[in-house]
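Trainee: Residue numbers (the UniProt record's numbering), protein chains in the order written: chain A, 1 to 427; chain B, 1 to 403.
Please see the structure below; I have some questions.
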């Protein structure tokens, strides 16, 4: 039998809350990383990567972005097949991918790619990569984490109920049981490995849409010496989140205050705010990537200091125009199953052909300081690779700026204004 | 500007090239091009950014690599986004935000590469657009007009290009027509003080035709000459002889631009033959296929052999890719769907070409170019004597012996 308290004490990472406003937690996580000297602000987000690299970006172009988060998200689905390579490399995935200075969190799946259901058993979970399916038992999973050496990693868990339409209560119960069993086994293996002890395990809260199971998952996971919690299974479309928000509040109420709460699959600005109000601390940044892939640029305002007229000016007064065009164009977007949101403009639109304004007036990102909407439009029309590079730079910077504004709003007691501003822009 | 050159106009022709050093054995020269957007050291390799972009790398990255001149394609840009829009955007420099020099070709090469969509007459080239089927006539006047709108620092005459594998009367026809089109371009050029119009020597693989073309075109008052109609399907043996013939008849005090070259060996040999400027899609294109250029040839990084190779592409390379990343990581990234892999290689391959040209230039200035050539061939082929025959012959013709 393991003494949980001893293990807990050995985790020196520390979350301190500056204040809590309307359920929103403002604070810092200190003593992070192997060197114990990194800090992260909450609420915040993680840098989204694909196969260990920000999408479309090299070190040079990533470095151009202001406000890049201290922690990057790696996905096991993209890196599991590097197991052998990393084992031989010995120095960990951070160095391998050329991000030795960054904090790293390894999630199981890629939030962008939906996981096909039917591949979790009592003994294993499958992840999906470009190369195909990889089945992972607890020991294989921990062996891979040992080779990766991330700062945090999501524990092996059964998150399949969120992929299914209407999971039976029996299936939901199983997702909680399995995830707890995986967690206990992973913790046990961690104890036997000096290398693994340098990484922090993030416990996963499952339970589908069944309140009783959600609470059970939260309470039981909280008993284990995990470094933080991942709230899994809340992703979906805007309607599904609405119905799950009440579950979310109940879950976070069961979790200790001094450990971070991550959520997967939530990216829209309005949804982010709703989750923060319900005790969530950390988010992924796959949303700006999705916007980039459909040729979009984030333009929503988070400058709650400006009055509405100034905001309109900043967006060149095209918000109304955009709404009309977008209604019509929604179905015409090829190659993506995500609908265009009202937080962005679609640079493929002909109306941008001769628009020599930056994507967002006043934006200090590399793209807005150096290029015009007309140029981005041209790059998209001619299928040039640079379109993705420039849009990614803008979209990441814009999104990180949004999180910064949340923290500022909380600090200055202006959350209500920011909330109102964001919800006004949600369609 | 007068169409036919006179003694007076020859003397007043703009001199944009300043020679800094010449190899005492071969015809290699080191120089400086003074262009509206700054000085360019020669010999120079110019990366090709066809549609107002250097394939996934930003203008800041390109500048950081030391690039001071690159290419845009008139045919492509003329169709999308079109010269009017680019003019509104403050020219191609403004549109793509490139602070250094730009060279645009005339659109003529597309005649060869897109031959099924084109028809050549004395008037010009009639193109059918692959995008909407509409027809455009690209005449010498129209080509210059578009390039005037683009505002590039060096513009190319519209030439009647035939594939180097074509023989017979068509080659002669094209050569004479190119001379007439050169005169029409000169006449149509609205901005000779802002944009340098280069002539393009044609004549295919026929020494007499080429000699005639050289004689005629060098009578014209242009700031520079390109050697065209090569770097197609011809044999390397024919290729180098035409290059050597051309450089032997081109004025020393004007730049010689060899179009469509290319591979490292070709660059080194053609510098020896007296060329100053080069362009080629190869380095940037091959990067997007996972191939990294190195002094010994290339590394196809997608291959399994690099899976656990934890060294950089080239430990001697100073590019950001080699400073930060291993072959193993690039291998993994190339097998993912993250485009960053392509950009890493594009950066490296451009750096390779620019570093090569820089090393060539330094060796000319330091009066050790022949030794440089021997070292280069030794590294590339294992031994200088294992260098391809055509290259050995070409170098020998200008006094450089290998091994």
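Even glycine gets a Cβ: it sits at the ideal position worked out from N, Cα and C.
Exposed or buried, what is residue 417 of chain B when buried is set at 16 or more other beta-carbons lying within 10 Å of its beta-carbon?
Mentor: Outside the displayed span of chain B (1 to 403) sits residue 417 of chain B, for which this structure offers no information.
Trainee: Counting only C-beta atoms, is residue 349 of chain A closer than 8 Å to chain B at any point?
Mentor: By 1-based counting over the first chain, the position of residue 349 of chain A is 349. By this cut-off, residue 349 of chain A is not an interface position.
Trainee: Can you find a C-beta in chain B that's less than 8 Å from the C-beta of residue 388 of chain A?
Mentor: The residue labelled residue 388 of chain A in the question sits at position 388 within the first chain. Chain B contact via Cβ: present.
Trainee: From the DSSP output, in three-state form, read off residue 29 of chain B for me.
Mentor: Along the second chain, one-based indexing puts residue 29 of chain B at 29. Looking at residue 29 of chain B - three-state DSSP - the assignment turns out to be strand.
Trainee: Do residue 86 of chain B and residue 77 of chain B have their CB atoms nearer than 8 Å?
Mentor: Reading the second chain from its first residue, position 86 is the one you call residue 86 of chain B. Reading the second chain from its first residue, position 77 is the one you call residue 77 of chain B. Contact: yes.
Trainee: Tell me whether residue 385 of chain B is buried or exposed, calling it buried when 16 or more other Cβ atoms sit within 10 Å of its Cβ.
Mentor: Here residue 385 of chain B corresponds to residue number 385 of the second chain, with the count starting at 1. So residue 385 of chain B counts as exposed.
Trainee: Tell me, to the nearest whole angstrom, how far the beta carbon of residue 130 of chain A is from that of residue 205 of chain A; I am working on the premise that it is less than 8 Å.
Mentor: Mapped onto the first chain, residue 130 of chain A falls at position 130. Mapped onto the first chain, residue 205 of chain A falls at position 205. About 29 Å; that fails the 8 Å criterion.
Trainee: Taking only the alpha-carbon atoms, compute the straight-line gap between residue 213 of chain A and residue 221 of chain A and give it to the nearest angstrom.
Mentor: Locating residue 213 of chain A in the first chain gives position 213, where the first residue counts as 1. Locating residue 221 of chain A in the first chain gives position 221, where the first residue counts as 1. Distance between the alpha carbons of residue 213 of chain A and residue 221 of chain A: 12 Å.
Trainee: Please confirm if residue 59 of chain A has its CB atom under 8 Å from at least one CB of chain B.
Mentor: Numbered from 1 along the first chain, position 59 holds the residue referred to as residue 59 of chain A. Yes, contact with chain B.
Trainee: If you drop the 5 nearest sequence neighbours on each side, which residues of the same chain put their C-beta closer than 7 Å to that of residue 390 of chain B?
Mentor: Locating residue 390 of chain B in the second chain gives position 390, counting from the first residue. Within the same chain, residue 390 of chain B has close Cβ partners 236, 237 and 240.
Trainee: Taking the continuous alpha helix (DSSP H) assigned at residue 271 of chain B, which residues delimit it?
Mentor: Within the second chain, the letter at position 271 stands for residue 271 of chain B. Per DSSP, residue 271 of chain B belongs to the alpha helix (DSSP H) from 264-272.
Trainee: Short check: CB of residue 37 of chain B to CB of residue 153 of chain B, under 8 Å?
Mentor: Looking up residue 37 of chain B in the second chain gives position 37. Looking up residue 153 of chain B in the second chain gives position 153. Against a cut-off of 8 Å, the Cβ pair of residue 153 of chain B and residue 37 of chain B comes out as a contact.
Trainee: Relative to the alpha-carbon of residue 165 of chain B, which residue among B/118, B/124, B/53 and B/234 has its alpha-carbon at the smallest distance?
Mentor: Taking the second chain and counting its residues from 1, the one referred to as residue 165 of chain B is at position 165. Comparing Cα positions, the closest option is B/234.
Trainee: To the nearest angstrom, report how far apart residue 61 of chain A and residue 218 of chain B are at their CA atoms.
Mentor: As a first step, residue 61 of chain A must be located in the first chain, where it is residue number 61. As a first step, residue 218 of chain B must be located in the second chain, where it is residue number 218. Roughly 45 Å separates the two Cα atoms.
Trainee: What would DSSP say about residue 388 of chain B, mapped onto helix, strand or coil?
Mentor: Numbered from its first residue, the second chain carries residue 388 of chain B at position 388. The answer is coil: DSSP assigns residue 388 of chain B none of H, G, I, E or B.
Trainee: To the nearest angstrom, how far is the alpha carbon of residue 208 of chain A from that of residue 285 of chain A?
Mentor: By 1-based counting over the first chain, the position of residue 208 of chain A is 208. By 1-based counting over the first chain, the position of residue 285 of chain A is 285. Distance between the alpha carbons of residue 208 of chain A and residue 285 of chain A is about 23 Å.
Trainee: Could I get the ranges of all uninterrupted alpha helix (DSSP H) runs contained in the stretch 281-344 of chain B, with 4 residues as the minimum, in chain order?
Mentor: Runs of the alpha helix (DSSP H) inside the stretch 281-344 of chain B: 282-287, 320-324 and 327-334.
Trainee: Under 8 Å by Cβ, that's how I've got residue 267 of chain A and residue 324 of chain B pegged, so tell me the actual separation to the nearest angstrom.
Mentor: Working through the first chain from its first residue, we reach residue 267 of chain A at position 267. Working through the second chain from its first residue, we reach residue 324 of chain B at position 324. Not really, about 29 Å apart at Cβ, beyond 8 Å.
Trainee: Do residue 120 of chain B and residue 160 of chain B come within 8 Å of each other at the CB atom, strictly closer than that value?
Mentor: To locate residue 160 of chain B, count along the second chain from 1; it is residue 160. To locate residue 120 of chain B, count along the second chain from 1; it is residue 120. Yes, Cβ-Cβ distance for residue 160 of chain B and residue 120 of chain B is below 8 Å.
Trainee: Are there three or more Cβ pairs, one per stretch, closer than 8 Å when the stretch 281-298 of chain A is compared with the stretch 74-90 of chain A?
Mentor: Too few Cβ pairs lie closer than 8 Å, so no.
Trainee: Roughly how many angstroms lie between the CA atoms of residue 134 of chain A and residue 120 of chain A, to the nearest whole one?
Mentor: Taking the first residue of the first chain as 1, we reach residue 134 of chain A at position 134. Taking the first residue of the first chain as 1, we reach residue 120 of chain A at position 120. Their Cα atoms are separated by approximately 11 Å.
Trainee: Report the neighbours of residue 375 of chain A on chain B: residues whose CB is nearer than 8 Å to its CB, in chain order.
Mentor: On the first chain, residue 375 of chain A is found 375 positions in, with the first residue counted as 1. 52, 89, 95, 96 and 97, listed in chain order.
Trainee: Quickly, what does DSSP pair residue 20 of chain A with across the bridge? List them, please.
Mentor: One-based indexing of the first chain puts residue 20 of chain A at position 20. Partner(s): A/25.
Trainee: Would you call residue 262 of chain B buried or exposed, if buried means 16 or more other Cβ atoms sit within 10 Å of its Cβ?
Mentor: As a working mapping, residue 262 of chain B is identified with position 262 in the second chain. Buried: at least 16 other Cβ atoms inside 10 Å.
Trainee: Ignore the nearest five residues each way along the sequence and tell me which others in residue 374 of chain A's own chain have a CB closer than 8 Å to its CB.
Mentor: As a position in the first chain, residue 374 of chain A is number 374, starting the count at 1. Closer than 8 Å at the Cβ level, and outside the excluded window around residue 374 of chain A, lie 352, 353, 354, 355 and 356.
Trainee: Counting only beta-carbon atoms, is residue 80 of chain B nearer than 8 Å to chain A?
Mentor: The residue labelled residue 80 of chain B in the question sits at position 80 within the second chain. Chain A, which has a Cβ nearer than 8 Å to the Cβ of residue 80 of chain B, makes this yes.
Trainee: Work out the CA separation of residue 253 of chain A and residue 25 of chain A for me, nearest whole Å.
Mentor: Stepping through the first chain from its first residue, residue 25 of chain A is reached at position 25. Stepping through the first chain from its first residue, residue 253 of chain A is reached at position 253. Whole-angstrom Cα-Cα distance: 12 Å.
Trainee: State whether the stretch 177-187 of chain A contacts the stretch 233-251 of chain A, with contact taken as three or more CB pairs (one from each stretch) at a distance under 8 Å.
Mentor: As far as the Cβ criterion goes, the stretch 177-187 of chain A does not touch the stretch 233-251 of chain A, which means the pair count is below three.
Trainee: Determine, using beta-carbon pairs with one atom in the stretch 37-53 of chain A and one in the stretch 338-348 of chain B, whether at least three such pairs fall under 8 Å.
Mentor: At 8 Å Cβ cutoff, the stretches touch.
Trainee: Answer with yes or no whether the minimum CB distance from residue 215 of chain A to chain B is below 8 Å.
Mentor: Residue numbering aside, residue 215 of chain A sits at position 215 when the first chain is read from its first letter. No, residue 215 of chain A lies away from the interface with chain B (no Cβ there is under 8 Å from its Cβ).
Trainee: Would you kindly work out how many angstroms separate the C-alpha atoms of residue 234 of chain A and residue 137 of chain A, rounded to a whole number?
Mentor: Residue numbering aside, residue 234 of chain A sits at position 234 when the first chain is read from its first letter. Residue numbering aside, residue 137 of chain A sits at position 137 when the first chain is read from its first letter. Distance between the alpha carbons of residue 234 of chain A and residue 137 of chain A is about 25 Å.
Trainee: With 16 as the cutoff for other CB atoms within 10 Å, does residue 105 of chain A come out buried or exposed?
Mentor: Counted from its first residue, the first chain places residue 105 of chain A at position 105. Buried is the call here.
Trainee: So, for residue 68 of chain A: in the same chain, excluding its five sequence neighbours on each side, which residues have a beta-carbon less than 7 Å away from its beta-carbon?
Mentor: Reading the first chain from its first residue, position 68 is the one you call residue 68 of chain A. Once the five neighbours on either side are set aside, the close Cβ partners of residue 68 of chain A are 47, 62 and 400.
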